[in-house]
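Order-wise, the sequence lines are chains A and B. Just so it is clear: in the first sequence, position 23 is 113 by this note's numbering, and no numbers are missing. Just so it is clear: in the second sequence, position 75 is 106 by this note's numbering, and no numbers are missing. Okay, structure first, notes after.
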Amino acid sequence: GAGVSQTPSNKVTEKGKYVELRCDPISGHTALYWYRQSLGQGPEFLIYFQGTGAADDSGLPNDRFFAVRPEGSVSTLKIQRTERGDSAVYLCASSLTSGGYNEQFFGPGTRLTVL
Amino acid sequence: AQSVSQHNHHVILSEAASLELGCNYSYGGTVNLFWYVQYPGQHLQLLLKYFSGDPLVKGIKGFEAEFIKSKFSFNLRKPSVQWSDTAEYFCAVNLFQAGTALIFGKGTTLSVSS
């Protein structure tokens, strides 16, 4: 079946602007994760959802970052007042359920560039 | 805080050479361990995982990893690499049962020349 999809694949914006990044998980996967990967680094956890609720948002760097998953499938990561330091690849992953045993399947990522 | 260290930033090998990539984690409790691979132009995919049982686990494409609890290590090995193994390799952990967020190392870039 289809894997995790993310749109857009690339996003260029200006400092101070608002952006939304979308993730469409694998059908039937109840858990959804957002990670951020900066150049030369491994992915860094931001937030994960179990169903519609954010089960752990401890990785969000500050209150400019927010994510929603209103119907328990598609999720949107929202970044307000973007800064140059927000430039990174934003990765989404999904798994059948939450819990450490479940494999996380990653999408191709959205490359965000803040000018 | 928990962390994952990958000792090698960039490894260059010739085809048929043996590979070992180091990974150490810092956490005293029970963890689940993973190796992910990212081939050029592709997304992250799972190479192998360890939850419990036999500490030597085998993954796809001839890769294996050994969990040594006393050393907090989970090194990745392959006896004979191929050009197609050129990729970036990430070690990751999450805490047993509790949190499901993966904690990744910085990654190791493997370049294999034919």
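C-beta atoms are modelled at their ideal positions from N, C-alpha and C, and glycine is treated no differently. Computed from a predicted model, the values in this text were never measured in an experiment.
First through last residue of the beta strand (DSSP E) which encompasses residue i
i: B:Gln76; result: 76–81
i: B:Val124; result: 118–126
i: B:Phe98; result: 95–99
i: B:Trp66; result: 62–69
i: B:Phe103; result: Per DSSP, B:Phe103 belongs to no beta strand (DSSP E) and is neither H nor E.
i: B:Val42; result: 41–45
i: A:Gly143; result: 143–146
Pair within 8 Å by beta-carbon distance, residue i and residue j
i: A:Gly197; j: A:Ala178; result: no
i: B:Asn63; j: A:Gly190; result: yes
i: B:Tyr81; j: B:Leu75; result: no
i: B:Phe98; j: B:Leu79; result: no
i: A:Gly199; j: B:Ala132; result: no
i: B:Ser111; j: B:Ser57; result: no
C-beta neighbour in chain B for residue i, strict 8 Å
i: A:Phe135; result: yes
i: A:Ala92; result: no
i: A:Ala206; result: No answer is possible for residue 206 of chain A: it lies beyond the span of chain A, which begins at 91 and ends at 205.
i: A:Tyr180; result: no
i: A:Pro115; result: no
i: A:Phe196; result: yes
i: A:Gly190; result: yes
i: A:Tyr36; result: No answer is possible for residue 36 of chain A: it lies beyond the span of chain A, which begins at 91 and ends at 205.
i: A:Glu193; result: yes
Residue i at chain A interface by Cβ criterion, 8 Å
i: B:Ala96; result: no
i: B:Leu141; result: no
Cα-Cα separation, residue i to residue j
i: A:Tyr180; j: A:Arg154; result: 15 Å
i: B:Glu119; j: B:Ser36; result: 15 Å
i: B:Gly53; j: B:Gly136; result: 10 Å
i: B:Ser11; j: A:Glu110; result: Outside the modelled stretch of chain B, which goes from 32 to 145, sits residue 11 of chain B, for which no answer is possible.
i: A:Gly118; j: B:Ala47; result: 41 Å
i: A:Gly93; j: A:Asp176; result: 26 Å
i: A:Glu161; j: B:Gln113; result: 44 Å
i: B:Gln69; j: A:Pro133; result: 12 Å
i: B:Ser45; j: B:Ser144; result: 5 Å
i: B:Val88; j: A:Glu173; result: 42 Å
i: A:Gln83; j: B:Gly138; result: Residue coverage of chain A in this structure runs from 91 to 205, which leaves residue 83 of chain A outside it and unanswerable.
i: A:Ala121; j: B:Glu51; result: 33 Å
i: A:Cys108; j: B:Pro71; result: In the sequence on display, residue 108 of chain A carries Tyr and not Cys. A:Tyr108 and B:Pro71: Cα-Cα distance of roughly 30 Å.
i: B:His38; j: A:Ser188; result: 30 Å
i: A:Leu202; j: A:Gln170; result: 13 Å
i: A:Pro115; j: A:Glu193; result: 13 Å
(message) Check whether the segment 159–167 of chain A and the segment 96–104 of chain A touch, using three or more Cβ-Cβ pairs below 8 Å as the test.
(response) In the pairwise beta carbon analysis, the segment 159–167 of chain A is classified as not touching the segment 96–104 of chain A: fewer than three pairs are separated by under 8 Å.
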